[in-house]
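Here the structure is laid out as structure tokens; the discussion comes afterwards.
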Amino acid sequence: MKKQGMFKVGSIVLLTALLSACGDEETEDAAAGEENGDAADGESYDIGVVQYADHPSLDQATEGFKDAVEEADLDVVYDDQNASGDMNVLQTVADTFVGDDVDLIFANATPAAQIMTSSTDDIPIMFTSVTDPEGAELVETLDAPGGNTTGTMDLHPDAISQSVELMGDELDVETIGMVYNAGEQNSEYQVSLAEEAAEEAGMDVQTATVQTSADVQSAAESLVGSIDAFYIITDNEVVSGLDSVIGVAEDEGLPLFVGELDSVEAGGFAGFGFSYYDIGYVTGEMAVDVLNGEADPESLAVEFPPELELVFNEGAAERIDWDDSWDELADEIINE
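Pasting the structure below:
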């Protein structure tokens, strides 16, 4: 469901006139401009779009961003790029955007936002799918970013603590296993939050790190025997190799908690989450305000995700012989 826009596009009444055979070309151009709303003066915007990797949630965020811009009737040309998880490609993309002097950059995921922000102080950068904007040094504070970069976060303040609490209370989990890429700042931050929440609950966290998605299966297998459940956060590399963790979890009869709803649908046991489309859409609204001169990134506060919902996957539960009902706990129950 699309979120309501942060602004309303004014309705434009197009006055039509009967044109003669030798009609005035300039009049036609002006009328066409009016139909494009804010592009009525002929202004067009170049937006560089860079996504860190192929990932269902990131794809949804990009879709939401573009829908918000489209609904504002801006005349926009996109340069769409996907780095496929390669930092060198990200830098090349950043250099291209800066060299082309695009009007705005949409950076999807923390690594993409970091490279874009370090490459220009002048071009407005709108990020989404970023877990810890302050820790990633994208903004000075969430309320007052202070530079040319702002956007939306993909971590609800209560998501990790509620996940850990649920594992302990409902599954009697004592030790949580986490696989993550230590090279992703957003992942380091989430693991630290999980460790803090586990310590407060009298639980333990065991970790295994990866460098690429090819390492995910062996990392997951290394934790077997010392954990009671897996918890996979929104780590780009690990989510790209999520099928490997699902396979290990199901072979060992271990519940797999995940950090976003697409991963529940992919076969995770349960997870708290929200729509990535929505945070992308809000970022698009913010971008429109910046392009229209109605806001400046340095003072445009970072936005949080909407309220969390808990989704439980009955299919995943059946595959590990888990037969307890979560009808009263879950906001939604699926069977995947």
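Just so we're aligned, residue 89 is where the sequence shown starts under the working numbering, counting upward by one.
For every residue, glycine included, the Cβ atom is placed at its ideal position computed from N, Cα and C.
Source: prediction; values computed, not measured.
| field | Unbroken beta strand (DSSP E) run spanning ALA296, endpoints | value | Translated into positions along the sequence shown, residue 296 becomes position 208. Residues 292-298.
| query | Considering only the beta carbon of each residue, do ALA308 and VAL267 sit closer than 7 Å? | reply | For this step, residue 308 is matched to residue 220 along the sequence shown. For this step, residue 267 is matched to residue 179 along the sequence shown. Cβ distance < 7 Å, so ALA308 and VAL267 count as in contact.
| field | Beta-carbon spacing of ILE367, THR240 below 7 Å | value | Along the sequence shown, one-based indexing puts residue 367 at 279. Along the sequence shown, one-based indexing puts residue 240 at 152. It is a contact, given that the beta carbons lie within the stated cut-off.
| request: Look at the Cβ atom of THR150, then the Cβ atom of ASN196, and state whether they are nearer than 7 Å. | output: Here residue 150 refers to the residue found at position 62 of the sequence shown. Here residue 196 refers to the residue found at position 108 of the sequence shown. In contact: THR150 and ASN196 (Cβ atoms closer than 7 Å).
| query | Could you check where the beta strand (DSSP E) with SER206 kicks off and where it finishes? | reply | Position 118 of the sequence shown, counted from the first residue, corresponds to residue 206. Taken as a continuous stretch (DSSP letters only), SER206 belongs to no beta strand (DSSP E), being part of the alpha helix (DSSP H) at 198-207.
| request: For VAL378, count neighbouring Cβ atoms within 10 angstroms of its own Cβ and tell me buried if that reaches 16, exposed if not. | output: Taking the sequence shown and counting its residues from 1, one reaches residue 378 at position 290. Buried, since its Cβ has 16 or more Cβ neighbours within 10 Å.
| said: Tell me the rounded alpha-carbon separation between THR208 and ASN423. | reply: The count along the sequence shown starts at 1 and reaches residue 208 at position 120. The count along the sequence shown starts at 1 and reaches residue 423 at position 335. Going by the C-alpha atoms only, they are around 46 Å apart.
| Where do the ends of the alpha helix (DSSP H) carrying ILE367 lie? | Residue mapping note: residue 367 aligns to position 279 of the sequence shown, counting from 1. Where ILE367 is concerned, the enclosing alpha helix (DSSP H) stretches over 364-379.
| query | Using a Cβ-Cβ cut-off of 6 Å (strictly less than) and excluding sequence neighbours within five positions of SER249, which residues of its own chain qualify? | reply | Locating residue 249 in the sequence shown gives position 161, where the first residue counts as 1. Result list for SER249: ALA285, in chain order.
| message | On a Cα-Cα basis, can you pick out the residue from ASP260, VAL327, ASN274 that is closest to THR216? | response | Taking the first residue of the sequence shown as position 1, residue 216 is located at position 128. If we check each option's Cα against that of THR216, ASN274 comes out closest.
| request: Would you kindly check if the distance between the Cβ of SER301 and the Cβ of SER280 is under 7 Å? | output: Here residue 280 refers to the residue found at position 192 when the sequence shown is read from its first residue. Here residue 301 refers to the residue found at position 213 when the sequence shown is read from its first residue. No, they are not a contact pair.
| query | Can you check whether the CB of ALA232 is closer than 7 Å to the CB of GLU373? | reply | Within the sequence shown, numbered from 1, the residue matching residue 373 stands at position 285. Within the sequence shown, numbered from 1, the residue matching residue 232 stands at position 144. Cβ atoms of GLU373 and ALA232: not closer than 7 Å.
| Local conformation of ALA149 per DSSP, three classes | Here the question's residue 149 lines up with position 61 in the sequence shown. If DSSP states are grouped into helix, strand and coil, ALA149 belongs with the helices.
| Nearest to ASP163 by CA position, among ASN380, GLN202, MET255, GLU325, is which residue? | As a first step, residue 163 must be located in the sequence shown, where it is residue number 75. The option with the nearest alpha carbon to ASP163 is ASN380.
| query | So GLU402 and GLU420 are in contact, right, with Cβ under 8 Å, and what is the actual spacing, rounded? | reply | The sequence position of residue 402 within the sequence shown is 314, counting from 1. The sequence position of residue 420 within the sequence shown is 332, counting from 1. Their Cβ separation, rounded to whole angstroms, is 11 Å, which puts GLU402 and GLU420 out of contact at 8 Å.
| message | In whole angstroms, give me the CA-to-CA distance for SER332 and ILE264. | response | By one-based count along the sequence shown, residue 332 stands at place 244. By one-based count along the sequence shown, residue 264 stands at place 176. Straight-line Cα distance between these residues: approximately 17 Å.
| said: What ranges does the beta strand (DSSP E) occupy inside the region 234-281, keeping only unbroken runs of at least 3 residues that lie completely in it? | reply: 237-241, 263-269
| When the Cα atoms are used, what is the spatial distance from VAL390 to LEU230? | As a first step, residue 390 is located in the sequence shown; it is residue number 302 there, counting from the start. As a first step, residue 230 is located in the sequence shown; it is residue number 142 there, counting from the start. Going by the C-alpha atoms only, they are around 5 Å apart.
| field | Beta carbon of VAL326 nearer than 7 Å to that of ILE334 | value | Position 238 of the sequence shown, counting from 1, holds the residue named residue 326. Position 246 of the sequence shown, counting from 1, holds the residue named residue 334. Not in contact: VAL326 and ILE334 (Cβ atoms no closer than 7 Å).
| said: Can you tell me where the beta strand (DSSP E) holding ALA308 begins and where it ends? | reply: Taking the first residue of the sequence shown as position 1, residue 308 is located at position 220. First-last for ALA308: 304-311, but that is the alpha helix (DSSP H), not the beta strand (DSSP E).
| said: With three or more C-beta pairs closer than 8 Å as the rule, is the region 336-353 touching the region 187-202? | reply: no
| message | Please state whether the Cβ-Cβ distance between TYR365 and GLN139 is less than 7 Å. | response | Taking the sequence shown and counting its residues from 1, the one referred to as residue 365 is at position 277. Taking the sequence shown and counting its residues from 1, the one referred to as residue 139 is at position 51. In this structure, GLN139 does not lie closer than 7 Å to TYR365 by Cβ.
| Is ASN269 buried or exposed, if buried means 16 or more other CB atoms sit within 10 Å of its CB? | The residue labelled residue 269 in the question sits at position 181 within the sequence shown. Under this definition ASN269 is a buried residue.
| said: My assumption, with CB atoms under 8 Å, is that ALA224 sits in contact with GLN202. Please give the rounded CB distance. | reply: Taking the sequence shown and counting its residues from 1, one reaches residue 224 at position 136. Taking the sequence shown and counting its residues from 1, one reaches residue 202 at position 114. Yes, ALA224 and GLN202 are in contact; Cβ-Cβ is about 6 Å, under 8 Å.
| If you check the beta carbons only, do THR371 and PHE185 fall under 7 Å apart? | Indexing the sequence shown from 1 puts residue 371 at position 283. Indexing the sequence shown from 1 puts residue 185 at position 97. Not closer than 7 Å, so no.
| query | Along the chain, where does the beta strand (DSSP E) that runs through VAL346 open and close? | reply | For the purposes of this step, residue 346 is taken as residue 258 along the sequence shown, with counting starting at 1. 344-346 is the extent of the beta strand (DSSP E) around VAL346.
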